[in-house]
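Enquirer: So for the sequence shown, this note's numbering puts the first residue at 2; every next one is plus one. Take a look at the following structure, please.
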Amino acid sequence: MEERVTGNRRPRTEQRLDAVASWEQLYRTRRLQEVERVVALAMEREGRIFRRDHLESVAFVLEQASQWEQPPHIQELFDEYLHRALLMVGDSPTVAPLKTALTQHLGCAPATDSEVNALVAGYNREAAVAYANRYYKNHNPRYPDFNSRPGRGGNCANFISQCLYAGGMPWVLGPPERFTWTRYWWCKPGATDRDGDQRITLSWKVTVAFRNHWSGRVARFSTHSAAAMLNDWSRWFNRLRLGDFIQLAYANGAPYHTLILVAKVGNDIALASQSDDANDQSMRGILESVQKKGERVLVYEMGD
Numbered sequence: 002m003e004e005r006v007t008g009n010r011r012p013r014t015e016q017r018l019d020a021v022a023s024w025e026q027l028y029r030t031r032r033l034q035e036v037e038r039v040v041a042l043a044m045e046r047e048g049r050i051f052r053r054d055h056l057e058s059v060a061f062v063l064e065q066a067s068q069w070e071q072p073p074h075i076q077e078l079f080d081e082y083l084h085r086a087l088l089m090v091g092d093s094p095t096v097a098p099l100k101t102a103l104t105q106h107l108g109c110a111p112a113t114d115s116e117v118n119a120l121v122a123g124y125n126r127e128a129a130v131a132y133a134n135r136y137y138k139n140h141n142p143r144y145p146d147f148n149s150r151p152g153r154g155g156n157c158a159n160f161i162s163q164c165l166y167a168g169g170m171p172w173v174l175g176p177p178e179r180f181t182w183t184r185y186w187w188c189k190p191g192a193t194d195r196d197g198d199q200r201i202t203l204s205w206k207v208t209v210a211f212r213n214h215w216s217g218r219v220a221r222f223s224t225h226s227a228a229a230m231l232n233d234w235s236r237w238f239n240r241l242r243l244g245d246f247i248q249l250a251y252a253n254g255a256p257y258h259t260l261i262l263v264a265k266v267g268n269d270i271a272l273a274s275q276s277d278d279a280n281d282q283s284m285r286g287i288l289e290s291v292q293k294k295g296e297r298v299l300v301y302e303m304g305d
């Protein structure tokens with residue numbers, strides 16, 4: 002990996018991650034503004050105020066999303082907001098009813114061990130890595146590209162979904178109108194980057210929905226501080242395998258970037274991703290950068 006050889010790993014890595022985080026934050030702000038524009042007036046009529054991450058607002062959006070059939074683009078807008086809220090409501094007894102309602106609305110069915118094994122069986126790590134190395138920079142024209150227009154939030158989850166599909170991971174199909182549900186995962190021919198396109202699921206293209214799907218599908222999912230991983234780097238280096246993938250997450254656990262392991266070089270691991278369009282990113286360099294920000298690392302291990 003060039004970054005480690007040249008000694009410029011930290012500045013270059015931090016610049017890349019700062020750019021990705023900035024794109025994601027701009028996208029998230031725009032989406033929150035759209036949610037607010039749709040629901041604020043309705044809340045005002047009831048004497049309430051929309052506060053973006055407030056539990057009362059989450060409950061109101063959930064109520065609106067559940068009460069009647071929405072146009073697909075509004076359904077996507079609401080459910081993307083609710084996917085993120087699911088990670089932020091916490092686990093205290095006082096929010097348990099809201100969390101249960103969120104999981105039911107978003108189709109978060111817990112998978113059994115046998116179902117998980119069936120959903121990741123036959124994963125071809127070499128094929129997934131080969132796809133990543135082929136298309137990390139020259140995006141595959143057969144798929145929608147969420148880097149193609151400003152404010153789309155980046156293409157990282159879409160790209161890693163493509164890698165997993167190239168590695169033999171099957172779609173999890175359901176009714177087209179359930180394209181926002183956690184349990185489903187597909188990207189059908191003709192899919193576009195338009196909001197509400199039912200040919201591509203939220204779990205395929207949006208980092209937080211991708212997390213909610215794959216955290217229950219992989220053989221092993223875990224969350225760690227970057228410091229803990231660096232302090233135990235030798236074990237992680239030997240344990241992780243090419244074709245596994247990680248997400249970088251804010252301190253609250255909401256992911257903003259997704260990367261796949263594509264090579265082991267010396268005592269380091271190379272990561273590939275889109276949005277920053279690279280396949281030579283130092284995992285140790287990324288962990289060092291994430292550690293400074295107090296952020297988290299989500300680790301997805303595909304198993305045998």
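We put the CB at the ideal spot given by N, CA and C, even for glycine.
State the DSSP-derived secondary structure class of F51, mapped to helix, strand or coil.
Expert: Three-state DSSP puts F51 in coil, outside helix and strand.
Enquirer: Could you tell me the alpha carbon to alpha carbon distance between A271 and N280, rounded to whole angstroms?
Expert: Taking the straight line from one Cα to the other gives about 7 Å.
Enquirer: List the endpoints of the continuous beta strand (DSSP E) containing R143.
Expert: It is not in any beta strand (DSSP E) - R143 carries neither H nor E in the DSSP assignment.
Enquirer: Roughly how many angstroms separate the alpha carbons of E289 and S93, rounded to a whole number?
Expert: In a straight line, the C-alpha of E289 is about 32 Å away from that of S93.
Enquirer: Enumerate in chain order the residues of its own chain whose CB-to-CB distance from W309 is below 7 Å, with the five nearest sequence positions on each side excluded.
Expert: Residue 309 is absent from the structure shown; the chain starts at 2 and stops at 305.
Enquirer: With burial defined as no fewer than 16 other Cβ atoms inside 10 Å of the residue's Cβ, what is the status of T183: buried or exposed?
Expert: With 16 or more other Cβ atoms within 10 Å, it is buried.
Enquirer: Going by beta carbon distance, what residues of the same chain come within less than 8 Å of N156, once the five residues before and after it are set aside?
Expert: H140, D146, F147, N148, Q275 and S276, listed in sequence order.
Enquirer: Given this structure, state the Cα-to-Cα distance separating M2 from A133, to the nearest angstrom.
Expert: Confidence at M2 is low in this model, with a pLDDT of 43, below 50, so the placement of that residue should be treated as unreliable; the coordinate-derived value is given next. Rounded to the nearest angstrom, the two C-alpha atoms are 16 Å apart.
Enquirer: Whose C-beta lies closer than 6 Å to the C-beta of K100 among residues of the same chain, with five residues either side of it excluded?
Expert: If we look at K100 and ignore the five residues flanking it on each side, its Cβ neighbours are V90.
Enquirer: At the level of alpha carbons, what is the spacing between R126 and G244?
Expert: About 5 Å.
Enquirer: Give the straight-line distance between the Cα atoms of W69 and T208, rounded to the nearest whole angstrom.
Expert: Each residue's Cα considered, the two are about 26 Å apart.
Enquirer: Can you name the start and end residues of the beta strand (DSSP E) that T372 belongs to?
Expert: There is no way to answer for residue 372, as the model of the chain reaches only from 2 to 305.
Enquirer: Measure the alpha-carbon distance for V291 versus L260 and round it to whole angstroms.
Expert: If you take the alpha carbons of V291 and L260, they lie about 14 Å apart.
Enquirer: With distances taken Cα to Cα, identify the nearest neighbour of L174 among A264, A228, R31 and L203.
Expert: Taking only the C-alpha atoms, the option nearest L174 is L203.
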